[in-house]
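Residue numbers for the sequence shown, in this note's numbering: 105 to 404. For glycine and all other residues, C-beta sits at the position ideal for the given N, C-alpha and C. One structure is given here, and the rest of the page talks about it.
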Amino acid sequence: MRTPGACSASVASLVLLWLLGLPWTWSTAAALGVYVGGGGWRFLRIVCKTARRDLFGLSVLIRVRLELRRHQRARHTIPQIFQAVARQQPEHLALVDAGSGACWTFAQLDAYSNAVANLFRQLGFVPGDVVAIFLEGRPEFVGLWLGLAKAGMEAALLNINLRREPLTFCLGTSGAKALVFGEELAVAVAEVSGQLGKSLVKFCSGDSRPEGLLPDTQLLDPLLKETSTAPLAQPPGKGMDDRLFYIYTSGTTGLPKAAIVVHSRCGARGCCPQCGRTTDHLSRLITTPPPAPVGVLWAS
Numbered sequence: 105m106r107t108p109g110a111c112s113a114s115v116a117s118l119v120l121l122w123l124l125g126l127p128w129t130w131s132t133a134a135a136l137g138v139y140v141g142g143g144g145w146r147f148l149r150i151v152c153k154t155a156r157r158d159l160f161g162l163s164v165l166i167r168v169r170l171e172l173r174r175h176q177r178a179r180h181t182i183p184q185i186f187q188a189v190a191r192q193q194p195e196h197l198a199l200v201d202a203g204s205g206a207c208w209t210f211a212q213l214d215a216y217s218n219a220v221a222n223l224f225r226q227l228g229f230v231p232g233d234v235v236a237i238f239l240e241g242r243p244e245f246v247g248l249w250l251g252l253a254k255a256g257m258e259a260a261l262l263n264i265n266l267r268r269e270p271l272t273f274c275l276g277t278s279g280a281k282a283l284v285f286g287e288e289l290a291v292a293v294a295e296v297s298g299q300l301g302k303s304l305v306k307f308c309s310g311d312s313r314p315e316g317l318l319p320d321t322q323l324l325d326p327l328l329k330e331t332s333t334a335p336l337a338q339p340p341g342k343g344m345d346d347r348l349f350y351i352y353t354s355g356t357t358g359l360p361k362a363a364i365v366v367h368s369r370c371g372a373r374g375c376c377p378q379c380g381r382t383t384d385h386l387s388r389l390i391t392t393p394p395p396a397p398v399g400v401l402w403a404s
């Protein structure tokens, strides 16, 4: 007998024995015997084997929920949580780029993102403005969206495979007031320059001007080097339920669509491994802010 059939027979026998006036203890024992004898023992064996894993997973979910609720009540944001960790362990690894081998500490990432926040504030951008990031996965990618979040701005993370119409569509629908792109994508941006509009401020991440770079594009790295790395004097009034960034798909089934990521959703990605770790204090916990292939160590 299959497990659903054994379960039905067990319930039927329980009801029948109860109608006959037998005590609940006897009725329950008899129903359990019918269930086990009818093939339910297989399901019970699986339950026993996976009980420890399932209970551990449940405890992790409960702890994540409680941790997020605590941050929501305190109106914390991802930048604030990050800065708290950075103050505790400034020299610990925060970013590891598997491609180039570049490693950033929490102090380096904090300083870079502070410079990003200060620069865009100085340039006249205000909380709520959208800045598109068109950059391959590397440490600067994380520093850019984190710095924008520190200033209360929202990053639109564009898929690096976008070209021509899909790229123009994403920039238009996001309402981006600025575009930060990598020098490796300068040609792709130049192809759609005539459709971007003159109001879009363009920055190229890098120290040198790559071939094909538009004349109205500013080099980002020299500007950041001249900007203060101190935290903002007046952080934006954001909370865990506010938008952090947008993630645009590659557009395989039509034009790309944006997924809205709020602070709490990104925070849950960091809390899950932290609440679920079973190793000692020296373990490093890795989460990957999509879609960049760069690991962020939120805790150690």
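| Check | Outcome |
| --- | --- |
| Can you tell me whether serine 278 is buried or exposed? The criterion is at least 16 other CB atoms within 10 Å of its CB, across all chains shown. | buried |
| Pull the bridge partners of phenylalanine 349 from the DSSP assignment, please. | Ala259, Val365 |
| Of the choices Leu283, Gln338, Ile364, Ile264, whose alpha-carbon is the least far from that of leucine 248? | Leu283 |
| Pick from Glu195, Gly341, Arg174, Phe229: whose alpha carbon is nearest that of alanine 215? | Glu195 |
| Hey, out of Asn222, Lys281, Phe273, Asp325, whose CA is closest to threonine 353's CA? | Phe273 |
| Would you kindly report the start and end of the unbroken alpha helix (DSSP H) that includes aspartate 201? | Here aspartate 201 belongs to no alpha helix (DSSP H); instead the beta strand (DSSP E) covers 197 to 201. |
| What residue does the alpha helix (DSSP H) around phenylalanine 273 start on, and which one ends it? | 268 to 278 |
| Return helix, strand or coil for alanine 65, following the three-state DSSP convention. | Here the chain comprises residues numbered 105 to 404, so residue 65 is not present and cannot be evaluated. |
| Applying the criterion that 16 or more other CB atoms from any shown protein chain within 10 Å of the CB defines a buried residue, is arginine 242 buried or exposed? | buried |
| Using a 10 Å radius around the Cβ and a threshold of 16 neighbouring Cβ atoms, would you call glutamate 258 buried or exposed? | buried |
| Between the region 157 to 164 and the region 226 to 243, are three or more C-beta pairs nearer than 8 Å? | no |
| In this structure, how does DSSP classify serine 309 when only helix, strand and coil are distinguished? | strand |
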